[in-house]
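If you read the sequence shown in my numbering, its first letter stands for residue 27, the second for the next number, and so on.
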Amino acid sequence: VMKNPDLIDLAAKAGCTGLLIGIESLNQSSLKGVHKSFNKVEQYEEMIRRMQENGINPCLSLIFGFDEDTPDQFRHTIEFCRKNKVGYVILWILTPLPGTNLFAEMEGAGRLEYDSWSMFDLTNVVFQPKHFSKQELYETYWKSYQELYSIKSIAGSVWQDVRLSSNPVRAFFSGAFVQTYFRRKVYSRDHPLVGGIGMRN
């Protein structure tokens with residue numbers, strides 16, 4: 027987006043009020059490791075600021091568990107989102123999907139560890155991480171997700187929705203609904219984008 031920053035202005039003029047952005051990681055080394063060096067971490071704050079100035083609410087999508095990630099990556103991500111007033115964050119666990127180079131590399135290195143294909147849903151750890159135990163990555167992932175949707179965080183996010191919207195009343199109710207829904211899902215360790223509302227096992 028920052029190669030053509032005017033696109034943000036044009037999107038806002040066209041009526042865009044929110045964007046899901048797959049920035050993947052705040053660790054440039056992690057991005058390089060999966061051949062996504064075109065994502066520039068140093069440009070993220072400027073991109074977010076420009077979107078918010080144009081009334082566009084960013085939703086960031088990030089992945090944890092890259093070989094270059096350490097446990098500090100979770101705390102850094104939470105602090106980045108709070109600093110930049112990003113209220114909508116989607117988190118995933120790195121998953122080497124069958125047919126990808128990552129799957130072949132991890133299979134060749136003997137790092138794949140899973141019980142069934144149903145675990146390949148981007149919320150389970152199906153490989154041996156480099157700087158975490160499998161359990162540490164899994165637990166820290168969910169605890170970080172829950173922290174991002176704490177009551178205090180939700181209050182700040184809903185206020186941000188109201189501040190950015192041209193219809194503050196609608197923004198308040200829709201923001202409170204979505205944020206509460208996300209909170210309920212992550213606190214039950216059920217991904218917000220999996221299964222919809224009221225899913226039953």
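C-beta atoms are modelled at their ideal positions from N, C-alpha and C, and glycine is treated no differently.
Beta-carbon contacts of residue i that lie in its chain and below 6 Å, excluding the five residues immediately before and after
| i | result |
| --- | --- |
| Glu72 | none |
| Tyr114 | Cys85 |
| Cys42 | Ile82 |
| Phe100 | Thr166, Ser170 |
| Gly201 | Val184, Asp187 |
| Ile116 | Ser87 |
| Arg215 | Trp168 |
| Leu128 | Pro122 |
| Cys107 | Val115 |
| Asn30 | none |
| Gly48 | Ser87 |
Bridge-paired residues (DSSP) for residue i
| i | result |
| --- | --- |
| Gly136 | Per DSSP, none; premise fails for Gly136. |
| Val115 | Leu86 |
| Glu71 | Looking at the DSSP assignment, Glu71 forms no beta bridge with any residue, so it has no partner. |
| Gln47 | Just to set this straight, residue 47 is Ile in the shown sequence, not Gln. BP columns for Ile47 point to Leu86. |
| Phe229 | Shown here, the chain extends from 27 to 227; a query on residue 229 therefore has no answer. |
Beta-carbon proximity of residue i to residue j, cut-off 8 Å
| i | j | result |
| --- | --- | --- |
| Ser159 | Phe92 | no |
| Pro122 | Phe153 | yes |
| Gln161 | Ile180 | no |
Close beta carbons around residue i, own chain, < 8 Å, minus the five adjacent residues each side
| i | result |
| --- | --- |
| Ala40 | none |
| Ile119 | Ile89, Phe90, Gly91, Leu148, Thr149, Asn150, Val151, Leu163, Tyr164, Tyr167 |
| Arg210 | none |
Residues near residue i by beta carbon distance below 7 Å, same chain, minus five either side
| i | result |
| --- | --- |
| Met77 | Ile34, Leu45, Pro84 |
| Ala37 | Ile82 |
| Asp95 | Asn53, Ser56, His157 |
| Pro194 | Val188 |
| His102 | Leu52 |
Nearest-angstrom Cβ-Cβ length linking residue i and residue j, presumed shorter than 8 Å
| i | j | result |
| --- | --- | --- |
| Pro155 | Leu148 | Not a contact, Cβ separation roughly 15 Å. |
| Tyr175 | Val212 | 5 Å |
| Phe208 | Pro218 | 5 Å |
| Glu173 | Ile74 | Contact doesn't hold; Cβ gap of about 19 Å is too wide. |
* When the Cβ atoms of the stretch 98–111 are set against those of the stretch 139–150, are three or more pairs found closer than 8 Å? -> no
* **Meets three-Cβ-pair contact criterion under 8 Å: the stretch 182–199 and the stretch 131–139** => no
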